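Here the protein sequences come in this chain order: A and B. According to this note's numbering, the residues represented by the first sequence are 28 to 273, in order. According to this note's numbering, the residues represented by the second sequence are 28 to 273, in order. Glycine included, every Cβ here is placed at the ideal spot set by N, Cα and C. This one's a predicted model, so the numbers in the text were calculated from it and none came from an experiment. Below is one structure, written out as structure tokens; comments come after it.
2 protein chains.
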Amino acid sequence: MRFTSEQRLDDGVLEREFTLGEIPGILWTPEAASASSPVPLILLGHPPLGLHKMYPRLVARARHCAAEGFATATIELPGSGDRPSWPALDQARADLRRAMQAGEPVGDGIVEALVLPLVDKAVPEWQAALDAFLSLPEIGGPVGYSGGVISIGIRLAVVEPRIEAAGLFAGSLVPRVMFEEARQVTIPLHVLLQWDDEGNDRQASLDLFDAFGSKEKTLHANMGGHTGVPQFAGDDAARFFTRHLR
Amino acid sequence: MRFTSEQRLDDGVLEREFTLGEIPGILWTPEAASASSPVPLILLGHPPLGLHKMYPRLVARARHCAAEGFATATIELPGSGDRPSWPALDQARADLRRAMQAGEPVGDGIVEALVLPLVDKAVPEWQAALDAFLSLPEIGGPVGYSGGVISIGIRLAVVEPRIEAAGLFAGSLVPRVMFEEARQVTIPLHVLLQWDDEGNDRQASLDLFDAFGSKEKTLHANMGGHTGVPQFAGDDAARFFTRHLR
């Protein structure tokens, strides 16, 4: 991991951009984090729209988490932002967009073609990034995962034992095969659902919540569309991580 | 309203038993409540099992609310506890129990026979009690309603304008006719659902949540059976009231 820029935000949070091989990313640490008092880490997931585009929402989440004593970090997803384009992913995105614009039901084939390759490629990258983050003296554990493409969160929760709690956003399409993986998840989960999310099948989200194998899992459903998550719902999610990671 | 006993609990909460006509009830006020600094009020609903039986859970909720600066109050439901027995209610209860023990689907007729008369009789009593509570100098407003028979909460939210927010427990049977009333509810709602509640139809609860007319409504679903509401879910509900009533 090579840091490429560094700035101190007005609330004392240290923001560092880095590259990990070819993958760009951002790490935020609270002012008080140090080798003698390392802080827990939350991995910030995001949709495959590019880190630049997602930056305002990411930095807001990072500041919020820092205020609770957490470091946060994120990496660019394959085929997004400044990373090399990935024609198969672009094709799958275009197929999805076409189906949605035509008002057609989005078949599981389209969802699988979009999500599964992304999960297969992104998850090992997040794991490698986690190795790098945890090698920093100011980052301790435990580790949580929050938001983004829910299928990436599911796979990470199953394969990455260092992740001890996950906050997932039931706002993206989930291929049915991921439901089997969801049954294998056992860590505490906090699942956010926007009840009237225009791009999301509510019943599928409820089925997915039901499928998770975790003994402690909580669903918070709120009104409003995809990006209308109320402030208090963010606060609830922060408390979930505080309960499990501190 | 005539106070019949008074004791100071170890956390400073003043617990007063009273009768309102023939109806017994309990009022809890935080130590700091006074005529010069009146406190908001939360009405504590409960199932029709009698106040004596429900006392341990009620006093725990009352102490929790008092710590957040709320007075709380409850009254005995018609046909329960020390109030005169109500043969029609007993009959409806027996019919319900028989159907559930036989593993039969509980028909809407049975639910209506149990719930609707209870709602019709209890709601005006809660309103009269509210008049009495608000006449006390140490009780100000605003007023919330929390828990208990959800159909009573729905009706109160519709007919009682002094109630400004409600926390409802999706844990009791709701006649389909109440769904029409649910559509008329507009106050902020915090709805708790135990995902594996043995006595509750999960889909009906989700349908009911969907039916509520409120612009701000939140569903918190947690694992565990009817009485297994986790501590943190209680904390979330308390924060909902703090957000709306303070």
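Chain B residues whose Cβ lies nearer than 7 Å to that of residue i
i        : result
Phe259/A : Arg270
Spatial neighbours of residue i in its chain, beta-carbon cut-off 8 Å, leaving aside the 5 residues before and after
i        : result
Val133/A : Leu123, Ala126, Met127, Leu200
Val40/B  : Trp55, Thr56, Pro57, Glu58, Ala89, Arg90, Ala93
Val185/B : Glu208, Gln211, Val212
Interface flag, residue i vs chain A, CB-CB below 9 Å
i        : result
Thr245/B : yes
Ala248/B : yes
Trp153/B : no
Asp237/B : yes
Arg266/B : yes
Chain B contact residues for residue i, given Cβ-Cβ distances below 8 Å
i        : result
Leu233/A : Leu233
Lys242/A : Met250
Own chain, CB closer than 6 Å to residue i, minus 5 neighbours either side, in chain order
i        : result
Gly171/B : Ile69, Ala192, Phe268, Leu272
Thr213/B : Gly240, Ser241
Val218/A : Leu195, Ala197, Phe236, Leu246
Met81/A  : His73
Ser107/A : Pro75, Gly77
Cα-Cα separation, residue i to residue j
i        : j        : result
Arg270/A : Thr31/B  : 42 Å
Asp117/A : Ser173/A : 25 Å
Ser232/B : Ala60/B  : 37 Å
Thr254/A : His79/A  : 17 Å
Ile50/A  : Pro257/A : 32 Å
Thr56/B  : Val86/B  : 11 Å
Phe97/A  : Glu139/B : 51 Å
Gln221/B : Met250/A : 20 Å
Glu131/B : Val142/B : 19 Å
Trp113/B : Arg35/B  : 34 Å
Leu183/B : Gly77/A  : 48 Å
Ala121/B : Ala115/B : 10 Å
Gly276/B : Pro169/A : Because chain B here runs from 28 to 273, residue 276/B falls outside it and cannot be looked at.
Arg29/A  : Asp223/A : 42 Å
Ala248/B : Asn227/B : 13 Å
Lys244/A : Leu47/B  : 42 Å
Pro188/B : Val176/B : 19 Å
Same chain only: Cβ atoms within 7 Å of residue i, ignoring 5 sequence neighbours per side
i        : result
Asp135/B : Pro202, Arg203
Ser162/B : none
Gly52/B  : Phe45, Ala100, Thr101, Ile102, Glu103, Ala156
Pro65/A  : Pro164, Glu165, Ile166, Gly167
Ala62/A  : Pro164, Glu165
CB contact below 9 Å: residue i versus chain B
i        : result
Trp55/A  : no
Trp222/A : yes
Whole-Å CB distance - residue i paired with residue j, under 8 Å assumed
i        : j        : result
Ala238/B : Ala209/B : 4 Å
Val90/A  : Asp147/A : This sequence places Arg at residue 90/A; Val is not what is there. With a Cβ gap of about 32 Å, Arg90/A and Asp147/A do not count as contacting.
Leu195/B : Leu246/A : Between Leu246/A and Leu195/B the Cβ distance is about 16 Å, and since that is not below 8 Å, they are no contact.
Ala149/A : Pro105/A : 6 Å
Ala264/A : Glu95/A  : At roughly 10 Å, the Cβ-Cβ gap does not stay under 8 Å, so Ala264/A and Glu95/A are not in contact.
Chain-ordered neighbours of residue i on chain A, where CB pairs are closer than 8 Å
i        : result
Asp228/B : In chain order: nothing, as chain A lies at least about 14 Å away.
Contact list for residue i against chain A, beta-carbon separation under 7 Å
i        : result
Asp263/B : Asp263
Beta carbon proximity, residue i to chain E, threshold 9 Å
i        : result
Glu103/A : Protein chains A and B are contained in the structure displayed, whereas chain E is not.
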